[in-house]
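**Q** One structure, pasted below without further comment.
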Amino acid sequence: MLYASVGGFAGLNATKDASLQVRNATFLLQDAEDLERFKEEAGREAGSELDGFKLDANDKAIRQMTGPLDSIGSTATLAMWLIGIAGAAVLVLLVNLAVKQRRKEYGVLLAMGEKKWKLIAQQALEIVAVAALAIGLSFLFTQNLTQSASRSLLGEEAAEARHKLESWQPPAPGSTGIDQGIDPDDKPVENADPIDRIDIRLDPAALATVGAVGLGLGLLATAVPAASVLRLSPRTILTKGK
């Protein structure tokens with residue numbers, strides 16, 4: 093089956109002396125992610141015959157549908173970094189404060205002959221137990237909480253994008269619309285409604301990575317102040333107090 097313009101069909105009946113040239117070609121891909129692979133294969137197959145041509149993608153429909161996803165994606169990434177940095181800072185401060193409050197306990201135990209490494213190990217074990225409980229609870233509730241929050245955010249972004257598409261008006265007949273501030277290229281693509289629903293699936297490997305990072309921060313925040321306290325002698329710890 094051949095699709096061509098009237099001029100294209102006329103060119104098929106040209107004389108042998110007339111040269112026929114392809115000016116443009118359209119290829120339909122089943123998946124937008126195949127674009128880069130398609131470009132590489134086209135360049136390899138065509139070689140120098142591709143000179144003067146530009147391989148480009150008309151992904152307007154995809155951008156119209158995934159616009160809300162991109163918007164909440166950037167917002168979620170920024171929020172994740174802010175929460176992670178703030179949470180790490182608060183964790184370090186709390187653990188440091190807890191260690192400093194146990195100075196007298198450390199002094200008494202050291203005076204009784206307790207090994208310093210055992211005191212640090214005890215503090216680290218307590219942090220590991222609390223962290224394990226917190227990470228376990230997060231594994232149970234993160235899926236549902238993330239799903240609910242993402243659908244709420246995506247619904248708002250999709251409603252705003254849908255309102256913007258529905259409010260678009262084409263230029264008047266005989267007008268390009270440029271003088272009215274209307275870009276004809278902004279015309280919405282039919283049957284490409286913005287995505288307003290998303291299903292969240294959390295990767296166990298990613299959750300394990302987050303848990304390991306949190307546990308590592310907790311251990312580091314415990315070991316550093318505890319080691320600084322235990323460098324003192326039992327008499328210094330007990331007499332100096334807090």
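Quick note: the sequence shown uses the numbering used here, first residue 93, plus one each step.
In this text, a Cβ means the ideal position worked out from N, Cα and C, and glycines have one as well.
Just so it is clear, the structure is predicted and the values come from calculations on it, not from any experiment.
(1) Mind the definition here: the segment 245-264 touches the segment 130-144 only if three or more C-beta pairs lie below 8 Å; say whether that holds.
(2) Under 8 Å between the Cβ atoms of Gly303 and Ile212?
(3) Taking three-plus beta-carbon pairs below 8 Å as touching, is the segment 310-325 in contact with the segment 185-197?
(4) Can you check which of these residues, Leu186, Ala203 and Leu245, is closest to Leu312 by C-alpha distance?
(5) How big is the Cα-Cα spacing for Ser325 and Lys207?
(6) Which full runs of the beta strand (DSSP E) of 3+ residues lie inside the segment 212-273, going along the chain?
(7) Just confirm the distance between the C-beta atoms of Asp291 and Gly247, as a whole number of angstroms; I'd bet it's less than 8 Å.
(8) CB-CB under 6 Å to Val184, same chain, minus the five flanking residues each way: which ones, in chain order?
(9) Taking Asn283 as part of the alpha helix (DSSP H), name the residues at either end of that continuous run.
(10) Just mark Gln214 as buried or exposed, buried being the case when its beta carbon has 16 or more other beta carbons within 10 Å.
(11) Decide if Tyr95 is buried, meaning its Cβ has at least 16 other Cβ atoms within 10 Å, or exposed.
(12) Which same chain residues, not among the five before or five after Ala251, have their C-beta less than 8 Å away from its C-beta?
(13) Short of 8 Å in beta carbon distance, which residues of its chain neighbour Leu294, apart from the five on each side in sequence? Order them along the chain.
**A** Reading it off the structure:
(1) Counting C-beta pairs closer than 8 Å gives fewer than three between the segment 245-264 and the segment 130-144, which falls short of the contact rule.
(2) To locate residue 303, count along the sequence shown from 1; it is residue 211. To locate residue 212, count along the sequence shown from 1; it is residue 120. Going by C-beta atoms, Gly303 is not nearer than 8 Å to Ile212.
(3) Two segments are said to touch when three or more pairs of C-beta atoms, one from each, lie closer than 8 Å; by this definition the segment 310-325 touches the segment 185-197.
(4) Reading the sequence shown from its first residue, position 220 is the one you call residue 312. Among Leu186, Ala203 and Leu245, the Cα nearest to that of Leu312 is on Leu186.
(5) Within the sequence shown, numbered from 1, the residue matching residue 325 stands at position 233. Within the sequence shown, numbered from 1, the residue matching residue 207 stands at position 115. Near 12 Å, if we compare the C-alpha coordinates of Lys207 and Ser325.
(6) The qualifying runs do not exist here; there are none.
(7) Taking the first residue of the sequence shown as position 1, residue 291 is located at position 199. Taking the first residue of the sequence shown as position 1, residue 247 is located at position 155. The pair is not a contact, with the Cβ atoms about 14 Å apart (cut-off 8 Å).
(8) Your numbering for residue 184 matches position 92 in the sequence shown. Shown here for Val184: same chain residues with a beta carbon closer than 6 Å to its own, the five before and five after excluded, namely Ala313 in chain order.
(9) The count along the sequence shown starts at 1 and reaches residue 283 at position 191. Run containing Asn283: none; DSSP gives neither H nor E here.
(10) As a position in the sequence shown, residue 214 is number 122, starting the count at 1. It is exposed - the Cβ of Gln214 has fewer than 16 other Cβ atoms within 10 Å.
(11) Reading the sequence shown from its first residue, position 3 is the one you call residue 95. Under the 10 Å beta carbon count, Tyr95 is surrounded by fewer than 16 other beta carbons and is classified as exposed.
(12) As a working note, residue 251 is residue 159 in the sequence shown. Same-chain partners within the cutoff: Asp288.
(13) Numbered from 1 along the sequence shown, position 202 holds the residue referred to as residue 294. The beta carbon of Leu294 sits closer than 8 Å to the beta carbons of Thr234, Gln235 and Thr238 from its chain, once the five residues preceding and following it are set aside; these are given in chain order.
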